[in-house]
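Here is the structure we will look at, set down as structure tokens.
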Amino acid sequence: MTFTLPDYEYQSQRVTVHKTVHSGQWNTLAEIDGPGIVKHLWVTISTTAKQLSRMCILRIYWDDEAFPSVEAPIGDFFGLPMGMTGSEYQLDSCYLHILPKNGLNCYFTMPFAKKAIIQLYIDPEVPSQDIYFQCDYEKCTDGLPERWAQLRFHAKYRMESPTDSYGHRYVVMDAQGEGYLIGATFGIRAASHQQDSWYHGGGDLILIDGERHPHLMHGIGAEDFFGHSWGTARSSHLYMGNPFCQTLDTDHKSFVNLVLYRFFAQDPIRFKSSITMQLGAMGACISSVAYWYQDEPHREFYKLPGGKDLWQESLARRLSGDVLPEYMHTWNVYGPVKDEDPNPFDKTHEIEKSQDLSLTTDYRVSDNTIMPVSWKTLNAPRGFMDFHVCMRPHVPRINYQTQCYGFAYGYITLREAFEGTIRVGFDDRMRLYVNDRVVLDETHGNGFEVQKVPISLTSGTHKILFKLSNMHNNNFRSWASHLAFFDTAGRFREDMIIQARD
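If you read the sequence shown in my numbering, its first letter stands for residue 2, the second for the next number, and so on.
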């Protein structure tokens, strides 16, 4: 490992605290005047109090902001999910370390210009606790280094219990602004009665810069995202690992508790306007903390539940605490349809002529399973839409369908005439209609790419329809699209929203 001296002036400082943290109120552990950079946090909590690490919430505020940039149960923040005590395992990564007898450490760089406030809240159902805490930081005597002038560290907890199977992926984080995603930690409780292995929900899907320059990253299986293959095994490395795996038998059902993490220390994922990170799901109970840097203000994308609703086994349905982005299309979607006789892609399908929402057909999966197909409604946050949410058959393993296509259509209503472009992002082949006229029929054979289509619309209501194929592509069978409008000056028109038909 290479050691490089900092290229800025600073004084090394430390806050050391041993205090009683009272239940039912916010307790300040540190309040530090800036400019400065937090370099290391250490804390230890009771090794016998079950669920304390989940019922004790950590918040960190930078520079007098109204909403905390860090908000997570203290255990989950340090890579200790599911209310565990810290005595169950060790974790050795580039950013987080759990050492024997419950020493919780983090080494994220956390710059601030004016002030840093670190607080803990213990749920009223949990007794007050003695806490030992240290914060090592640099007092920047000549101001923050330029590279940290705008970026602030963020960490946010989210949970979903149970997740979808063969449908919506689990949302790990959603941010709006400019910055870098640097990783996430997970607690996953998988049940023996699930339809398939937890990692067969699919890998990661990261949707980037929907408002400006849309692009995406798509994985294979969930275990692959954590650097494993063909399932996972206990391990802990600098950038990824599965340090804990436990089988439980309760209520005549077998559960597996897993702790996993992935850090992008060497390959941070950059975003200029927004980012959404998702992980494939298969009915497991998932909790996570995402870690990233961005400029301020940040967007609150999830409201933490309270009390026992934070426990891993608590019911936390998809969308129950989510704050959705304001810019979001809604589409009617239909598929999959086999790209073969009697309905190959080249041939005009009846849906391209008229859209009968009562239409139903059967789709034959490769193992001869029959999948009923009908019209559904699907959201497209920031313009991105994933056909697999509605068009993945309920068959074992990561059975994304290829050699097929699907449809999406909706309406946009304008108060005044519009001159500009429709920007569409996709891989494989798309045929795009505006008011029943083909305006694009192109193939992207080298992964997800963006095209701009000149468009002229009068005031009133207009129909948008597209047909999108899915093949064995460079994004591992990704079946995602993006659509947005720009005026002649190149300005993004976030007010132009497509709505599904009722």
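Backbone N, C-alpha and C fix where the C-beta goes; we use that ideal spot for every residue, glycine too.
Looking only at its own chain, which residues have a Cβ that is under 6 Å from the Cβ of Pro326, when we skip the five neighbours before and after it?
Position 325 of the sequence shown, counted from the first residue, corresponds to residue 326. Cβ within range, chain order: Pro382, Arg383.
If we ignore side chains and look at the alpha-carbon of each, how far apart do Gln151 and Gly308 end up?
As a first step, residue 151 must be located in the sequence shown, where it is residue number 150. As a first step, residue 308 must be located in the sequence shown, where it is residue number 307. Cα-Cα distance, rounded: 35 Å.
On the DSSP bridge list, what partners appear for Ala409?
Translated into the one-based positions of the sequence shown, residue 409 becomes position 408. Answer is Val334, Phe467.
Burial state of Thr164, where buried means 16 or more other Cβ atoms lie within 10 Å:
Translated into the one-based positions of the sequence shown, residue 164 becomes position 163. So Thr164 counts as buried.
Determine the extent of the alpha helix (DSSP H) in which Arg55 is found, giving its start and end residues.
Locating residue 55 in the sequence shown gives position 54, where the first residue counts as 1. Per DSSP, Arg55 belongs to the alpha helix (DSSP H) from 53 to 56.
Rounded separation between Gly188 and Ala67 - CA only
Mapped onto the sequence shown, residue 188 falls at position 187. Mapped onto the sequence shown, residue 67 falls at position 66. Going from the Cα of Gly188 to the Cα of Ala67 covers about 29 Å.
Please report the residue range of the beta strand (DSSP E) in which Cys286 lies.
Within the sequence shown, numbered from 1, the residue matching residue 286 stands at position 285. From DSSP, the beta strand (DSSP E) with Cys286 extends over 286 to 295.
Go ahead and label Arg159 buried or exposed: buried means 16 or more other beta carbons lie within 10 angstroms of its beta carbon, across all protein chains shown.
In the sequence shown, residue 159 corresponds to position 158, counting from 1. It is buried - the Cβ of Arg159 has at least 16 other Cβ atoms within 10 Å.
With a threshold of 8 Å on Cβ separation, who are the neighbours of Leu59 within its own chain once the five nearest residues in sequence on each side are excluded?
Within the sequence shown, residue 59 is the residue found at index 58, counting from 1. Excluding residues within five positions, the ones whose Cβ falls inside 8 Å are Val71, Glu72, Ala73, Pro74, Ile75, Phe78, Ile119, Gln120, Leu121.
Relative to the alpha-carbon of Phe154, which residue among Glu161, Tyr96, Gly168, Ile123 has its alpha-carbon at the smallest distance?
The sequence position of residue 154 within the sequence shown is 153, counting from 1. The residue with the shortest Cα to Cα distance from Phe154 is Tyr96.
Touching by the beta-carbon criterion (3+ pairs, under 8 Å), the region 383 to 399 and the region 432 to 452
no
Look up Ile38 in the DSSP assignment and give the residues it is bridged to.
On the sequence shown, position 37 is the one that residue 38 refers to. Looking at the DSSP assignment, Ile38 forms a beta bridge with Pro112, Glu139.
Alpha-carbon to alpha-carbon, Phe264 and Gly184:
Locating residue 184 in the sequence shown gives position 183, where the first residue counts as 1. Locating residue 264 in the sequence shown gives position 263, where the first residue counts as 1. Near 4 Å, if we compare the C-alpha coordinates of Phe264 and Gly184.
When you compare the region 295 to 308 with the region 232 to 248, are there three or more beta-carbon pairs, one atom per stretch, that lie closer than 8 Å?
No, because fewer than three Cβ pairs between the region 295 to 308 and the region 232 to 248 fall closer than 8 Å, the two stretches do not touch.
Can you check DSSP and say which residues form a bridge with Gln12?
In the sequence shown, the residue the question calls residue 12 occupies position 11. Answer is Lys140, bridged to Gln12.
Close-in-space but distant-in-sequence residues of the same chain around Trp231 (CB under 7 Å, 5 per side omitted)
By one-based count along the sequence shown, residue 231 stands at place 230. Once the five neighbours on either side are set aside, Trp231 has no close Cβ partner at all.
What residue does the alpha helix (DSSP H) around His389 start on, and which one ends it?
The residue given as residue 389 occupies position 388 in the sequence shown. Residues 389 to 392.
Through-space distance from Gly220 to Gln452, alpha-carbon basis:
Here residue 452 is taken as the residue at index 451 of the sequence shown, counted from 1. Here residue 220 is taken as the residue at index 219 of the sequence shown, counted from 1. Distance between the alpha carbons of Gln452 and Gly220: 24 Å.
Those runs of the beta strand (DSSP E) which lie wholly inside the region 349 to 433 and span at least 3 residues
361 to 365, 371 to 375, 377 to 382, 385 to 387, 405 to 415
Within 8 Å, strictly: CB atoms of Lys140 and Tyr11:
Sequence index remark: in the sequence shown, residue 140 carries index 139 (1-based). Sequence index remark: in the sequence shown, residue 11 carries index 10 (1-based). Cβ distance < 8 Å, so Lys140 and Tyr11 count as in contact.
Let's test the definition: count the other Cβ atoms within 10 Å of the Cβ of Ser470 and tell me whether it reaches 16, buried, or not, exposed.
Locating residue 470 in the sequence shown gives position 469, counting from the first residue. Its Cβ being crowded by 16 or more others within 10 Å, Ser470 is buried.
Can you find the residues in the same chain that come closer than 6 Å, C-beta to C-beta, to Thr444, ignoring five residues on each side of it along the sequence?
As a working note, residue 444 is residue 443 in the sequence shown. Answer for Thr444: Arg430, listed in chain order.
Which residues bound the alpha helix (DSSP H) around Asp77?
Numbered from 1 along the sequence shown, position 76 holds the residue referred to as residue 77. That run of the alpha helix (DSSP H) goes 75 to 78.
Rounded Cβ spacing between Phe408 and Gly322 (contact assumed at less than 8 Å)
For the purposes of this step, residue 408 is taken as the residue at position 407 of the sequence shown. For the purposes of this step, residue 322 is taken as the residue at position 321 of the sequence shown. So it is not a contact: roughly 32 Å between Cβ atoms.
Beta strand (DSSP E) runs contained entirely in the region 61 to 105, provided each spans 3 or more residues:
71 to 74, 97 to 100
To the nearest angstrom, report how far apart Gly448 and Cys246 are at their CA atoms.
Within the sequence shown, the letter at position 447 stands for residue 448. Within the sequence shown, the letter at position 245 stands for residue 246. Looking at the two C-alpha atoms, the distance is approximately 36 Å.
In chain order, what residues of the same chain lie with their CB nearer than 6 Å to the CB of Trp376, ignoring the 5 residues before and after it?
Within the sequence shown, numbered from 1, the residue matching residue 376 stands at position 375. Once the five neighbours on either side are set aside, the close Cβ partners of Trp376 are Asn333, Tyr335, Leu358.
8 Å Cβ cutoff met for His19 and Tyr90
The residue labelled residue 19 in the question sits at position 18 within the sequence shown. The residue labelled residue 90 in the question sits at position 89 within the sequence shown. Going by C-beta atoms, His19 is not nearer than 8 Å to Tyr90.
Which value, in whole angstroms, describes the spacing of the CA atoms of Pro269 and Gln177?
Counting from one through the sequence shown, the residue named residue 269 turns up at place 268. Counting from one through the sequence shown, the residue named residue 177 turns up at place 176. Cα-Cα distance, rounded: 16 Å.
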